[in-house]
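Structure, as structure tokens:
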Amino acid sequence: MRFAVLAALVAVSPFAVGCSGDPSVGDDETSEETSDAEGALTAKHHFAPVSAELDWRPGCGIRMPDGRACYMGLELTYTKQFPALSTSVRTTVNNTTKVVTVKVDTWTKSVQYTQPVFAPITKQLGHPSRLQMGTRYQARVVDFQGNELWTGEIYPVPAP
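As structure tokens, this is what we get:
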């Protein structure tokens with residue numbers, strides 16, 4: 049039965065993606081979650097991050113003398129409530145309203161909690177597919193319920 053439900057969802061999902069409404073809205077997702085049929089049916093326990101902030105990193109303009117390239121893209125810094133929590137991040141860009149929303153979900157499938165952690169984590173989100181260079185955006189970071197953790201402005205431009 050579980051396999052039949054999962055197979056039906058997989059068969060329908062490409063059609064749902066092709067019917068998305070507003071072409072000015074794009075989503076990019078990153079996740080530490082491993083996907084399996086049994087895991088999809090297990091309840092998740094969600095914990096809002098303690099803090100969050102979003103920045104634009106412009107890169108360096110040229111390669112470093114040692115050959116390294118500097119990072120260019122969105123960078124999320126957040127603090128989990130507990131170190132063992134998994135993280136899912138979804139970035140949405142709306143070019144009509146000029147708003148970038150980053151949804152951060154920190155969760156676990158177990159109910160055992162470890163000691164709190166207060167060390168910030170920095171995650172490179174890259175360059176979302178619909179983010180337009182040289183456009184000012186209002187930026188929001190929200191938790192799994194949509195509660196605002198941070199608001200500000202980003203201006204994606206490359207380094208000179």
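Everything in the sequence shown is counted per my numbering, starting at 49 for the first residue and increasing by one. Where is the CB? At the ideal position from N, CA and C, for every residue including glycine.
Non-local C-beta neighbours of Pro206 in its own chain, meaning closer than 8 Å and more than five positions away in sequence, comprise Pro106, Gly107, Gly109, Met120, Met181, ordered along the chain. Unbroken beta strand (DSSP E) runs of no fewer than 3 residues, entirely contained in the segment 89-123, are found at 93-95, 99-106, following chain order. When only Cα atoms are considered, Glu101 and Pro113 end up about 30 Å apart. In the structure shown, Gly200 falls within a strand segment according to DSSP collapsed to helix, strand and coil. The residues Arg184, in chain order, have a CB closer than 6 Å to that of Tyr203 in the same chain once the five nearest residues on each side in sequence are set aside.
Excluding its 5 nearest sequence neighbours in each direction, Trp104 has C-beta neighbours in its own chain below 7 Å: Leu122, Ile202, Tyr203, Pro204, listed in chain order.
Measuring C-alpha to C-alpha distances from Thr135 to each of Glu196, Thr156, Gly200 identifies Thr156 as the nearest. In this structure, Arg178 and Val147 do not form a Cβ contact; the two beta carbons are roughly 12 Å apart against a cut-off of 8 Å. Of the candidates Leu124, Ala117, Thr154, the residue whose Cα lies closest to the Cα of Pro97 is Thr154. Residue pairing for Thr183: DSSP places it in no beta bridge. In this structure, the straight-line span from the alpha carbon of Arg111 to that of Val137 is close to 29 Å.
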